[in-house]
Every structure is written in structure tokens, then in C-alpha cells.
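Visitor: Dropping the structure in here first, questions after.
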Amino acid sequence: MGRFTKSAAISELHAWADAIEAKCKFDVNNGTSQLLPKGADEHMQALINRAVEYGGMRAFQRAASEIEAGHLGVSGN
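First residue of the sequence shown? That's 99 in the numbering used here, and the numbers climb one at a time after it.
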């Protein structure tokens with residue numbers, strides 16, 4: 099196993115995301131369309147949009163916590 103580097107981690111994360119995108123045929127330019135079942139009514143769309151917003155909120159909170167803890171955005175030099 100090679101030495102951990104920030105650039106290698108970023109490349110690996112992008113590769114994983116690209117593999118999922120290809121496998122699931124996601125349209126990265128229209129996020130919630132991947133989640134809506136065919137024939138979803140407005141109530142279902144609202145629930146899915148709320149879940150997506152919650153996920154975004156939690157991602158921002160997690161990123162802030164990781165920066166505060168000194169784990170994210172720290173140079174390896």
C-alpha cells in the first residue's frame with residue numbers, strides 16, 4: 099500500500115463517484131430527478147426535496163466540524 103496523499107484521496111473519491119454515476123446513469127445536472135419515482139405527486143416530490151435539503155445541511159455541518167477539528171483543508175506539507 100502506498101503512502102496516503104491528499105491528491106490520491108481526492109482522485110480515489112472522484113473515481114468512486116464517477117463509477118456510481120456511470121453505474122446508476124445519474125444526471126449530475128439534475129440531482130433530485132434521480133430520486134423521484136415515475137408518477138410521483140407533489141407531496142412525494144416535497145418529501146424527497148426535504149430529505150435532499152437535510153442531507154445538504156448535514157454535509158455542511160460535517161465539513162465545518164471537520165475543519166474545526168483540523169481534519170479538513172489541512173495542508174500535508
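Even for Gly, the Cβ is constructed at its ideal location relative to N, Cα and C.
1. Do you know how far the Cα of residue 164 is from the Cα of residue 133?
2. Cα separation between residue 169 and residue 122?
3. Residue 129 and residue 150: beta carbons closer than 8 Å?
4. I need the DSSP call for residue 126, collapsed to helix, strand or coil.
5. Quick check: the Cα distance between residue 58 and residue 147, rounded to an integer number of angstroms?
6. Which of the three DSSP states, helix, strand or coil, is assigned to residue 133?
7. Give every residue of the same chain whose Cβ lies closer than 8 Å to the Cβ of residue 125, excluding the five residues on either side of it in the sequence, and list them in chain order.
Guide: Inspection of the coordinates gives the following:
1. Stepping through the sequence shown from its first residue, residue 133 is reached at position 35. Stepping through the sequence shown from its first residue, residue 164 is reached at position 66. Roughly 28 Å between the two C-alpha positions.
2. Taking the first residue of the sequence shown as position 1, residue 169 is located at position 71. Taking the first residue of the sequence shown as position 1, residue 122 is located at position 24. Straight across, the Cα-Cα distance linking residue 169 with residue 122 is about 31 Å.
3. Along the sequence shown, read from residue 1 onward, the residue named residue 129 stands at position 31. Along the sequence shown, read from residue 1 onward, the residue named residue 150 stands at position 52. Yes, the pair counts as a contact, with Cβ atoms nearer than the cut-off.
4. Translated into positions along the sequence shown, residue 126 becomes position 28. Correct three-state label for residue 126: coil.
5. Look at the range of the chain in this structure, 99 to 175, and you will see that residue 58 is not part of it.
6. Locating residue 133 in the sequence shown gives position 35, counting from the first residue. Residue 133 falls in the coil class under three-state DSSP.
7. Locating residue 125 in the sequence shown gives position 27, where the first residue counts as 1. If we look at residue 125 and ignore the five residues flanking it on each side, its Cβ neighbours are 131 and 132.
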